[in-house]
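Asks: Adding 293 to a residue's 1-based position in the sequence shown gives its number in my numbering.
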Amino acid sequence: MLRALSLPLLSFCLFALSLPACAPYRAAWGSGWTEKEANDSIMIVDSSPATLGWKRLQYFTTLHPEFGTFLKQFGTPDCIAETTHSRQHYLVAYYLNNRQAYSFRNNTKAISQPIEVAGPYPMSPKEYRLLRSLQKDFERSSSTD
294 MLRALSLPLL
304 SFCLFALSLP
314 ACAPYRAAWG
324 SGWTEKEAND
334 SIMIVDSSPA
344 TLGWKRLQYF
354 TTLHPEFGTF
364 LKQFGTPDCI
374 AETTHSRQHY
384 LVAYYLNNRQ
394 AYSFRNNTKA
404 ISQPIEVAGP
414 YPMSPKEYRL
424 LRSLQKDFER
434 SSSTD
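What follows is the structure, given as structure tokens:
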């Protein structure tokens with residue numbers, strides 16, 4: 294009788310212990326479906342309401358903790374842009390008040406590799422006007438909801 298009870302109990306314990314290991318896969322899955330929407334896009338970053346840009350930052354931070362360290366140091370960007378080209382994933386973080394941008398790159402086949410960061414780069418006047426316009430449009434639409 295004891296032996297019959299211990300096998301289901303052991304199976305349950307092993308299952309329960311393996312659940313925390315699912316978190317990175319859940320984050321990667323979420324990253325995958327939002328990546329399709331985000332690819333070759335400029336996104337506003339706002340936590341309330343949670344924009345696609347905000348969600349992408351959260352997933353990117355989950356996959357690359359060093360990116361979270363960067364955000365703690367420099368703050369949340371106003372906008373981000375993402376693209377993938379030749380097995381390289383690029384994320385550009387735009388800080389409108391400073392008129393600066395930072396570029397992040399990682400190999401899509403080596404997710405565990407650290408990301409490369411470059412910048413700050415000065416934003417061109419055209420870039421700044423476009424992003425500021427997007428931000429103002431977002432703020433107007435958010436205030437009417």
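We put the CB at the ideal spot given by N, CA and C, even for glycine.
Being a predicted model, the structure only gives us computed values, none of them experimental.
Shortest alpha-carbon distance to P413 belongs to which of Y421, N391, T376, F431?
Replies: Ranking the options by Cα distance to P413, first place goes to N391.
Asks: Can you tell me where the alpha helix (DSSP H) holding L384 begins and where it ends?
Replies: Careful: L384 lies outside any alpha helix (DSSP H), inside the beta strand (DSSP E) at 381-388.
Asks: Determine whether the beta carbon atoms of Y387 and I373 lie at a separation below 8 Å.
Replies: Taking 8 Å as the Cβ cut-off, Y387 and I373 qualify as a contacting pair.
Asks: Give every residue of the same chain whose Cβ lies closer than 7 Å to the Cβ of V338, excluding the five residues on either side of it in the sequence, and list them in chain order.
Replies: Closer than 7 Å at Cβ, skipping near neighbours: T344, G346, W347, L350, T369, P370, D371, C372, I373.
Asks: Can you grab the Cα-Cα spacing for the pair Y395 / Y421, in whole Å?
Replies: Cα to Cα, the separation comes out at about 14 Å.
Asks: Would you say T401 and T437 are within 8 Å of each other, going by their C-beta atoms?
Replies: Cβ distance not < 8 Å, so T401 and T437 don't count as in contact.
Asks: Taking only the alpha-carbon atoms, compute the straight-line gap between S417 and S426 and give it to the nearest angstrom.
Replies: Rounded to the nearest angstrom, the two C-alpha atoms are 14 Å apart.
Asks: Between M294 and the rest of its own chain, which residues show a CB-CB distance below 6 Å, the 5 nearest in sequence each way excluded?
Replies: Caution applies to M294, whose pLDDT of 46 falls short of 50 and renders its modelled position unreliable; the value that the coordinates give is listed next. Around M294: no qualifying Cβ.
Asks: Judging by CA-CA distance, which residue of L356, P415, S340 is the nearest neighbour of H382?
Replies: Looking at the Cα atoms, L356 is the closest of the given residues.
Asks: Nearest to E375 by CA position, among R433, F431, D430, I335, is which residue?
Replies: Ranking R433, F431, D430, I335 by Cα distance to E375 puts I335 first.
Asks: Confirm, please, whether the CB-CB distance from Q393 to P415 is below 8 Å.
Replies: Contact: yes.
Asks: Near F431, which residues of its chain fall below 8 Å by C-beta distance, leaving aside the five closest residues on each side in sequence?
Replies: Here the set comprises I337, D339, T344.
Asks: Within its chain, find whatever has a CB closer than 6 Å to the CB of F397; leave out the 5 residues flanking it on each side and keep chain order.
Replies: For F397, where only same-chain residues beyond five positions count, the Cβ hits under 6 Å are L384, I408, V410.
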